[in-house]
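Convert by adding 2 to the 1-based position in the sequence shown; the result is the number in this note's numbering. In this text, a Cβ means the ideal position worked out from N, Cα and C, and glycines have one as well. Down below is the structure, laid out as C-alpha cells.
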Amino acid sequence: MYKTCGLYDIKSRATSQYNPFFIPIEHHRQMNKPTLIVLIGPTGVGKTELSISLARHYHSPIISADSRQLYADLKIGTAAPTEEQLKQVSHFFIGTLKLTDYYSAAQYEIEAVKKIEQLFQKHKVLVLTGGSMMYIDAVCKGIDDIPTVDKDTREMMMEKYRTQGLEELCRELKLLDPAYYRIVDLKNPKRVIHALEICYMTGQTYTSFRKNTSKKRDFNILKIGLTRPREELYARINNRVDQMMKDGLLEEVRRVYPYRKLNSLNTVGYKELFNYLDGTWELPFAVEKIKQNSRIYSRKQLTWFKRDTEIAWFHPSHQHEIQEYINTQITENAGNFS
C-alpha cells in the first residue's frame, strides 16, 4: 500500500524516522492553505496606513475588524478610512450598517469568514486589520455557538436597561448566572445585557453556552502586532483627537445625538460629546476626556492582545522587517518543495 504525499510516493508505514522526505498528509494540507495576515494593535498606533501598504504589496483587499467602523454615520469619531484610502484598496465591513442595526461578534464571524473564504478563491494572501478584540478572536478562534437573541427579548432587556439602569441588571445577572457575573466587565452594559438576554430566552445560564474552544480554519493565520512606546502612542492619540475635532467630530456627534441611547453610540468620542451637548460638561473638558478615555482603551487593547503568544510585535515604522517576517512565515507554511 502506498499513499501520495507531495511529490513523493511513500509507504503508508513510513515516518520521518525512515524517510527524510516524508511529509504527513495533514502537514501537506496545512502548507497549501492560503494566509490571512491579521494586523492588530491599539487605537492610534497606525494600523490603517500600514494595512493599506501591506494590502497593496500583496495585492489584497482589506477586511476590517473594527466594530464601530461598520456604522456609516460614524466616520470621523471611529477614524474610518478616508474616501482616498478606500479608493487605494478595496475594503470590506466599512460603513455597512445603520445606527439602529443590531450586530454582534457572532454575526461578524459568520459574515467575515464567509467573505474571507470567497476572497481566497482569487487571492493567496489577505489582510485583516482592526482593534476590536472580540472581532479579531471571532475570525481567528471563533465565537461559541450562542443562540441568536430574538427581537422581543432584546427590546425587553433594553427597556429594563433604560428604566432600571445597569446596576440593577448586574444584580440580576449575579442571581441568574453567578459564574459569568464573576468574570464579566460589570461596567460594560452590552456584555451584561447580552448575558441576561440569553438567560431569559433559553432558561439556561450564559456560561453554559461558553465552551471557549477554538474552531479550525481552512487558512493559515499570521498575526502581526503593532506597538509604540507609551509616550509616543499617547501623543498620537492626543493629536488624533485634536484632528478629529478640526475635521468636524462635534458636527458628526450633533447629527447622531437623537440616537445617543443606542449601543452603537456607546463609544469613546461620542459619549463625552453627548455630555457636552447635554450641558453637563464644557467642551474643552469633554475633549480632554476623549483623549483620556482613548488612552485607557488603548491599554485595555494591549492587555488583551499581549495574552496571545501567537502575535509577533513590531513598531509600525519597521515595514521592511514586517514584510520580511511575513514572507518568511508564508514560505515556511508553503514548504520549499517546488
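If we define contact as Cβ-Cβ less than 8 Å, is residue i a contact residue for chain B?
| i | result |
| --- | --- |
| Thr305 | This model lacks chain B altogether, as it is built from one protein chain only. |
Could you check the C-alpha separation between residue i and residue j for me, to the nearest Å?
| i | j | result |
| --- | --- | --- |
| Leu235 | Lys302 | 14 Å |
| Phe24 | Val186 | In this predicted model, Phe24 has a pLDDT of only 45, less than 50, meaning its place in the structure is not dependable; the value taken from the coordinates is given anyway. Computed Cα separation, rounded: 48 Å. |
| Cys172 | Val194 | 7 Å |
| Ser106 | Asn34 | 32 Å |
| Arg219 | Cys142 | 8 Å |
| Arg58 | Val129 | 10 Å |
| Asn265 | Thr333 | 43 Å |
| Glu28 | Lys293 | Since pLDDT at Glu28 reaches only 48, below the 50 mark, its modelled position is unreliable, and the value read off the structure follows with that caveat. Straight-line Cα distance between these residues: approximately 49 Å. |
| Gln206 | Asp147 | 14 Å |
| Thr165 | Ala67 | 33 Å |
| Glu86 | Lys213 | 42 Å |
| His320 | Ala140 | 28 Å |
| Pro260 | Thr102 | 11 Å |
| Asn335 | Ser55 | 23 Å |
| Ile324 | Glu174 | 48 Å |
| Leu88 | Ile78 | 14 Å |
| Arg232 | Arg238 | 10 Å |
| Ala314 | Pro149 | 34 Å |
| Ile200 | Arg309 | 28 Å |
| Asp249 | Ala181 | 45 Å |
| Tyr217 | Leu285 | Sequence inspection shows Lys at residue 217; the Tyr mentioned does not correspond to that position. So the two alpha carbons sit approximately 46 Å from each other. |
| Pro44 | Lys176 | 31 Å |
| Gly281 | Val243 | 21 Å |
| Met228 | Phe307 | Reading the sequence as shown, one finds Leu at residue 228 and not Met. The alpha-carbon atoms of Leu228 and Phe307 are separated by roughly 10 Å. |
| Gln109 | Leu188 | 23 Å |
| Pro26 | Lys162 | The pLDDT assigned to Pro26 is 49, lower than 50, so where the model puts this residue is not dependable; a value taken from the coordinates is nonetheless given after this. For Pro26 and Lys162, the distance between alpha carbons rounds to 56 Å. |
| Thr80 | Met203 | 33 Å |
| Pro22 | Glu312 | Reliability of the predicted coordinates at Pro22 is poor, the pLDDT of 42 falling under 50, and the value obtained from them is presented with this limitation in mind. Using only the alpha carbons, I get a separation of about 28 Å. |
| Phe211 | Ile145 | 10 Å |
| Val270 | Leu279 | 15 Å |
| Glu169 | Thr84 | 39 Å |
| Tyr208 | Glu290 | 37 Å |
Contact check, residue i vs residue j under 8 Å by CB: the rounded distance?
| i | j | result |
| --- | --- | --- |
| Ile226 | Val47 | Between Val47 and Ile226 the Cβ distance is about 12 Å, and since that is not below 8 Å, they are no contact. |
| Ala114 | Ile96 | Contact doesn't hold; Cβ gap of about 12 Å is too wide. |
| Arg230 | His322 | Not a contact, Cβ separation roughly 17 Å. |
| Thr37 | Lys124 | Incorrect: roughly 14 Å between the Cβ atoms, too far for contact. |
| Lys192 | Asn268 | 7 Å |
| Gln331 | Leu224 | 5 Å |
| Thr98 | Leu76 | Not a contact, Cβ separation roughly 12 Å. |
| Ile342 | Phe94 | Because the chain here runs from 3 to 340, residue 342 falls outside it and cannot be looked at. |
| Leu198 | Met159 | 6 Å |
| Ile118 | Phe221 | 7 Å |
DSSP puts residue i in a beta bridge; with which residues?
| i | result |
| --- | --- |
| Val129 | Ile39 and Ile64 |
| Lys225 | Val40 |
| Trp315 | Gly227 |
| Leu99 | Tyr73 |
| Phe94 | Ile65 |
message: For the pair the region 41-55 and the region 150-158, tell me if three or more CB-CB distances fall below 8 Å.
response: no
Continuous alpha helix (DSSP H) assignments of at least 4 residues falling wholly in the region 119-175: 135-142 and 153-166
query: Do the region 133-141 and the region 303-312 make contact, defined as three or more Cβ pairs closer than 8 Å?
result: yes
field: Stretch pair the region 254-263 + the region 272-280: three plus CB contacts closer than 8 Å
entry: yes
- prompt: Enumerated in chain order, which unbroken segments of the alpha helix (DSSP H) with a length of 4 residues or greater are wholly contained in the region 238-291?
  reply: 251-258 and 272-279
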